[in-house]
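K.L.:
The sequence shown: position 145 = 145 (my numbering), numbered continuously.
Here you go, one structure.
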Amino acid sequence: MDSSLVPTGTAALAVFARPSRLSVRQRKRWLEILFAWDAKNTYVVYDESGSPVLEVREDGTGFGNFLKRLFLGAFRPFTSQVEDLASQQPALRLRRPFRFYFHRLEVRDGAGNVLGAIQRRWTWVRRKYTVEGPDGAEVATLFGPFWRPWTFKIMLPGQPTEVGLLQKKWSGLAKEMFTEADNFWVELERVPDPNLRALLFAATVLVDVVHFERSA
1 MDSSLVPTGT
11 AALAVFARPS
21 RLSVRQRKRW
31 LEILFAWDAK
41 NTYVVYDESG
51 SPVLEVREDG
61 TGFGNFLKRL
71 FLGAFRPFTS
81 QVEDLASQQP
91 ALRLRRPFRF
101 YFHRLEVRDG
111 AGNVLGAIQR
121 RWTWVRRKYT
131 VEGPDGAEVA
141 TLFGPFWRPW
151 TFKIMLPGQP
161 TEVGLLQKKW
171 SGLAKEMFTE
181 ADNFWVELER
191 VPDPNLRALL
201 FAATVLVDVV
211 HFERSA
């Protein structure tokens, strides 16, 4: 694996060494569903056996954060905390700065060490994100084919075929029509490095906000 990735000894990242498939489910409260009120994003992450392993919570309270969501919608800057539910310790810290197009998500481990970033790139048709290590070097790429709008292929440098997928799941007609609660599969079986797995998982949050979150 690329040497630009940080060492794999961070205890908080051990959760990413185990499952080859993660299910990421957005949690919506009944008040949000009934009144179409857009609150902070929360996700629960499940492993292959269906056990919850992580929770992602968007930070921020107060009127200022409400206004950001109301007027900036999917363009808003935010930070999120990812908690390892087994140890109840922080696993990742996510920061999304304000961008109109070249969207970016910066990723640190629970101790604050830089893991890397997810950066959107310009393309004419398909959607493309590069995954950067802590030194800014490209360690993976996400490609969203034009004819498969709910799917992103995970590619590694120098490898001609995909090594995984990030894919939005159908949540049922009522849920898709009346709520913004999105569910994703993250396929990581052929991605051996836990730190790269953590970055690819974090990309799910950015992809959801940019491509699937409706304007407030």
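Note that the Cβ used here is the ideal one computed from N, Cα and C, for glycine as well.
1) Flag this pair as touching only if the segment 124-137 and the segment 181-189 have three or more C-beta atom pairs under 8 Å; answer yes or no.
2) Classify Arg27 as helix, strand or coil using the three-state DSSP reduction.
3) With a CB to CB cut of under 6 Å and the five nearest residues on each side skipped, what residues in its chain are close to Met1?
4) Could you tell me if Phe98 is buried or exposed, where buried requires 16 or more neighbouring beta carbons within 10 angstroms of its beta carbon?
5) Going straight from the alpha carbon of Leu72 to that of Asn65, what length do you get?
6) What does DSSP give as the partner residues of Phe143 in its beta bridges?
7) Taking the alpha-carbon positions, what's the Glu48 to Gly133 distance?
8) Determine the contact status of Arg108 and Val114, defining contact as a CB-CB distance below 7 Å.
9) With distance defined between alpha-carbon atoms, name the residue in Val44, Gln159, Met155 nearest to Gly144.
10) What did DSSP end up calling Lys40 once you bin it into helix, strand or coil?
11) What residue does the beta strand (DSSP E) around Ala117 start on, and which one ends it?
12) For Thr79 versus Arg57, is the C-beta distance shorter than 7 Å?
13) Exposed or buried, which one is Met177 when buried takes at least 16 other CB atoms within 10 Å?
14) Using a threshold of 7 Å, state whether the C-beta atoms of Ile118 and Ala203 are closer than that.
P.N.:
Considering the structure as presented:
1) Contact fails: fewer than three Cβ-Cβ distances are below 8 Å.
2) Reduced to three states, the DSSP call for Arg27 is coil.
3) Reliability fails at Met1, whose pLDDT of 43 lies under 50, so the model's placement of it is uncertain and no value is given.
4) By the 16-neighbour rule on beta-carbons within 10 angstroms, Phe98 is exposed.
5) Cα-Cα distance, rounded: 10 Å.
6) The partner list for Phe143 (beta bridge, DSSP) reads Lys128, Lys153.
7) One C-alpha to the other measures close to 27 Å.
8) The Cβ atoms of Arg108 and Val114 lie closer than 7 Å to each other.
9) Here the closest residue by C-alpha is Met155.
10) Lys40 falls in the coil class under three-state DSSP.
11) Counted as a single uninterrupted DSSP element, the beta strand (DSSP E) harbouring Ala117 occupies residues 114-121.
12) With contacts defined as CB atoms closer than 7 Å, Thr79 and Arg57 fail to qualify as a contacting pair.
13) Interpretation of Met177 is limited by its pLDDT of 44, a score under 50 that renders its predicted location unreliable; the figure taken from the coordinates is listed afterwards. That one is exposed.
14) Yes. Within cutoff.
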